[in-house]
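Visitor: Got a structure here, written out as structure tokens. Questions coming.
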Amino acid sequence: MNRAYLTTPIFYVNAEPHLGHTYTMVVVDTVARWCRSRGVETFFLTGTDEHGDKIAEAAEANGVTPQAYVDRISGLFRSTWDACGITYDHFIRTTDEHHKRYVQDVLARLHERGEIYFGEYEGLYCVGCERFYTEKELVDGKCPDHRTTPEWIEEENYFFRMGKYQERLVAVLNERPELVRPERYRNEVLAMLREPLEDLCISRPKARLTWGIELPFDKNFVTYVWFDALLNYTSVAALRGEEFFRDYWPCAEHFIAKDILKPHGVYWPTMLMAAGLPLYDHLNVHGYWVMDSGKMSKSLGNVIRPLEMKARFGMDAFRYFLLREMAFGQDAKFSEEALVTRINADLANNLGNLVSRVLAMQQKYFAGAVQPLSSGWAAEDFELRDKFIQAENELNSYVAELQFHRALESVWSALDHANRYIVQTAPFTMIKDPEKQARVGEVLHHLLEAVRTLSRLLAPFMPDTARELSALLALSDDALRVPWGQGFVAGHKVNPAKVLFPRIETDAKK
Ligand code: MSP
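The numbering used here puts the first residue of the sequence shown at 12, with every later residue one more than the last.
Pasting the structure below:
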């Protein structure tokens, strides 16, 4: 892989950025940073999904025009991701002119080729989901997600011949077992394809909804919001020119949660097939964050807002928690208690203590000046180095498999080893013996190498911390990349220790 086109869902602007959105953003940001550090040409796309019934309703409820409403909330998403240090390359809004033109071009092409036809439709429609439901999909006659009774709607509409791609999609899923991953979600898509695949209604009559992209071949209709939204992924690649499209689009890595598996696992690939475009490389699906009290919602007052988390705990601590606590693909529980426990145990104690002990000793014993490494290393020095090499190798394979929590576990296992190395070598005791000063210098040199390696390994996950570590070591980015033992010249001065992650006192202990 020498290119990566990484995407998040484009978020609806009827809610403000919360924990769930932030998780996907943090995951993709981590992958993007990791790719870039490996020399992969990386493009990171995010944005907002601004058309459809839901948005029109939210604007009305707020007493403003849809345009004024979407401008405000889309701006809020963008400024939130900026404040969180998310390194996206392009922020698309489905109200962008280029996107509207692109959607209309695709629709016109598909219509000309007979992939879209006009027909009658009646069925049960959930406004919340913006889609029709079959009786079978309902639970006690209600939408399983919104617990509301869908409306019976009869109308004439345009349809995309999705059904005719059913067999081809099944064949692709068999040929490319990793297309949708982890496997449980591939199985879910295959299960959806065991039922006959119906054609997809891709329009809404303007009599009912005007907030959408007009169909190029019938001005009485607007485009169904999912058809418009999914096209964001290729719309941006097309905007950047033919060469970009050819090089990047086939390297697409979509990241979504399980809630929107069907549109991404079924509608989107069949749309791409009909348009004669290559499929995405992977659809990467994660689970849901749930609160102790169940679902996160405004009415329950338990919405977790990223900027509040950043202000209270620091962005890196929040990122660490999200990536360490959730196994990608499975659901995870969010609680502040668990967050504080991880900050205190893993960040304040483990990481913070290692760094401050090493820098404090370096300062106290050698006024911050790095001592030379002798040519003869002790067995424990090799072990320490090898443990970090192993952590780096494991990290790279785990990130490639989207197992972020395991990648961090590997780093922390090396960190534990470094803390044990201090106990084992006991530089604080050796320093009292004038004959052992040189050895103390060597031990600290190896420990500084451990901190330097940590700065490199943590960079994709905790970018601010990684930068802080290299600043404490007074090293440039280039110096972070060289092998163990070559990072410091003797006499190089490192900075005095500082507290990276203050312990958080919980109420119980106050
Ligand atoms: N607009 C559509 C997506 C169109 S993509 C072409 C949409 N928007 S959304 O605002 O509802 O965002 C859904 C996504 O937000 C999920 O797929 C996931 O990335 C994230 N999450 C929202 N709540 C979440 C949790 N509680 N847990 C984990 N992620 C969730 O659907």
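C-beta atoms are modelled at their ideal positions from N, C-alpha and C, and glycine is treated no differently.
This structure is a prediction, so every number in the text was calculated from the model and none was measured.
Strictly by DSSP, which residues pair up with Cys137?
Guide: Counted from its first residue, the sequence shown places residue 137 at position 126. Arg142, per the DSSP bridge assignment.
Visitor: What are the residues that DSSP puts in a beta bridge with Met302?
Guide: Along the sequence shown, one-based indexing puts residue 302 at 291. Answer is Gly305 and Phe345, bridged to Met302.
Visitor: Helix, strand or coil for Asn404 per DSSP?
Guide: On the sequence shown, position 393 is the one that residue 404 refers to. Three-state DSSP puts Asn404 in a helix.
Visitor: Look at the alpha carbon of Tyr80 and the alpha carbon of Lys147, and state the distance between them as a whole number of angstroms.
Guide: Residue mapping note: residue 80 aligns to position 69 of the sequence shown, counting from 1. Residue mapping note: residue 147 aligns to position 136 of the sequence shown, counting from 1. Cα to Cα, Tyr80 sits roughly 36 Å from Lys147.
Visitor: Looking at the unbroken beta strand (DSSP E) that takes in Pro188, where does it start and where does it end?
Guide: Within the sequence shown, numbered from 1, the residue matching residue 188 stands at position 177. First-last for Pro188: undefined, no H or E at that position.
Visitor: Rounded to whole angstroms, what's the CA-CA distance from Pro274 to His62? Just pull it up for me.
Guide: Here residue 274 refers to the residue found at position 263 when the sequence shown is read from its first residue. Here residue 62 refers to the residue found at position 51 when the sequence shown is read from its first residue. In a straight line, the C-alpha of Pro274 is about 16 Å away from that of His62.
Visitor: What are the boundary residues of the alpha helix (DSSP H) that Val114 is part of?
Guide: By one-based count along the sequence shown, residue 114 stands at place 103. Here the alpha helix (DSSP H) through Val114 covers Glu108 to Glu123.
Visitor: Under 7 Å Cβ to Cβ from Leu250, same chain only, skipping five residues before and after it: list those, please.
Guide: By 1-based counting over the sequence shown, the position of residue 250 is 239. Same-chain partners within the cutoff: His109.
Visitor: Tell me the DSSP secondary structure of Gly130 in three-state form.
Guide: Locating residue 130 in the sequence shown gives position 119, counting from the first residue. Strand, per DSSP.
Visitor: Measuring from each Cβ to the nearest heavy atom of the ligand MSP, keep the ones under 6 Å and list them in chain order.
Guide: Chain-ordered list of matching residues: Pro20, Ile21, Phe22, Tyr23, Gly31, His32, Tyr34, Thr35, Asp60, Ala240, Leu241, Asn243, Ile267, Ala268, Asp270, Ile271, Tyr299, Trp300 and Met307.
Visitor: Is it buried or exposed for Tyr128, if we count other Cβ within 10 angstroms and need 16 for buried?
Guide: Taking the sequence shown and counting its residues from 1, the one referred to as residue 128 is at position 117. Label assigned to Tyr128: exposed.
Visitor: Which residues mark the beginning and the end of the alpha helix (DSSP H) in which Phe329 is found?
Guide: Within the sequence shown, the letter at position 318 stands for residue 329. Here the alpha helix (DSSP H) through Phe329 covers Met326 to Glu336.
Visitor: Buried or exposed: where does Phe393 fall if 16 or more other Cβ atoms within 10 Å of its Cβ makes it buried?
Guide: Within the sequence shown, numbered from 1, the residue matching residue 393 stands at position 382. So Phe393 ends up on the exposed side.
Visitor: For the structure I just gave you, are there three or more beta carbon pairs, one from the segment 218 to 238 and one from the segment 62 to 79, closer than 8 Å?
Guide: Output reads yes: the segment 62 to 79 touches the segment 218 to 238.
Visitor: Which of the three DSSP states is assigned to Ala285 in this structure?
Guide: The residue you call residue 285 lines up with position 274 of the sequence shown. Three-state result, Ala285: helix.
Visitor: Any chance the segment 259 to 273 sits against the segment 35 to 54, with 3 or more Cβ pairs inside 8 Å?
Guide: Judged by Cβ distances under 8 Å, the segment 259 to 273 makes contact with the segment 35 to 54, as three or more pairs qualify.
Visitor: To test your reading of the DSSP string, which unbroken alpha helix (DSSP H) runs of 4 or more residues are found completely within the segment 196 to 247?
Guide: Qualifying alpha helix (DSSP H) stretches, in chain order: 236 to 241.
Visitor: What first and last residue would you give for the beta strand (DSSP E) that runs through Tyr169?
Guide: Locating residue 169 in the sequence shown gives position 158, counting from the first residue. That run of the beta strand (DSSP E) goes Glu162 to Phe171.
Visitor: Just how far apart, CA to CA, sit Ala508 and Ala378?
Guide: By one-based count along the sequence shown, residue 508 stands at place 497. By one-based count along the sequence shown, residue 378 stands at place 367. Each residue's alpha carbon lies about 12 Å from the other.
Visitor: Out of Ala328, Gln382 and Pro161, which one is the CA nearest neighbour of Leu358?
Guide: As a working note, residue 358 is residue 347 in the sequence shown. Leu358 has its Cα closest to that of Ala328, out of Ala328, Gln382 and Pro161.
Visitor: Report the three-state DSSP secondary structure of Leu294 (helix, strand or coil).
Guide: Walking along the sequence shown from the start, residue 294 turns up at place 283. Here Leu294 sits in strand by DSSP.
Visitor: Can you look up Lys504 in the DSSP assignment and give me helix, strand or coil?
Guide: Here residue 504 refers to the residue found at position 493 of the sequence shown. Note: Lys504 maps to strand in three-state DSSP.
Visitor: Going along the chain, which residues of its own chain have a beta-carbon closer than 6 Å to the beta-carbon of Ile213, five neighbours each way excluded?
Guide: Here the question's residue 213 lines up with position 202 in the sequence shown. So the qualifying residues of the chain are Tyr169, Phe171, Tyr235 and Phe238.
Visitor: Let me make sure I understand the geometry here. Which of Leu406, Met473 and Ile400 has the alpha-carbon closest to that of Glu460?
Guide: Your numbering for residue 460 matches position 449 in the sequence shown. When only C-alpha atoms are compared, the closest one is Ile400.
Visitor: Between which residues of its own chain and Met337 is the CB-CB distance below 6 Å, once the five residues before and five after are set aside?
Guide: For this step, residue 337 is matched to residue 326 along the sequence shown. Only Ala343 meet the Cβ criterion.
Visitor: Please report how far the alpha carbon of Leu87 lies from the alpha carbon of Val75, in whole angstroms.
Guide: Sequence index remark: in the sequence shown, residue 87 carries index 76 (1-based). Sequence index remark: in the sequence shown, residue 75 carries index 64 (1-based). Their backbone Cα atoms lie some 16 Å apart in a straight line.
Visitor: Going by DSSP, what residues sit across from Glu71 in a beta bridge?
Guide: In the sequence shown, counting from the first residue as 1, residue 71 sits at position 60. Bridge partners of Glu71: none, in fact.
Visitor: Any heavy atom of the ligand ATP closer than 7 Å to the CB of Ser466?
Guide: Annotation note on the ligand ATP: not contained in the displayed structure, which lists the ligand MSP as its ligands.
Visitor: Kindly identify the DSSP beta-bridge partner or partners of Gly58.
Guide: Position 47 of the sequence shown, counting from 1, holds the residue named residue 58. Paired residues: Ile103.
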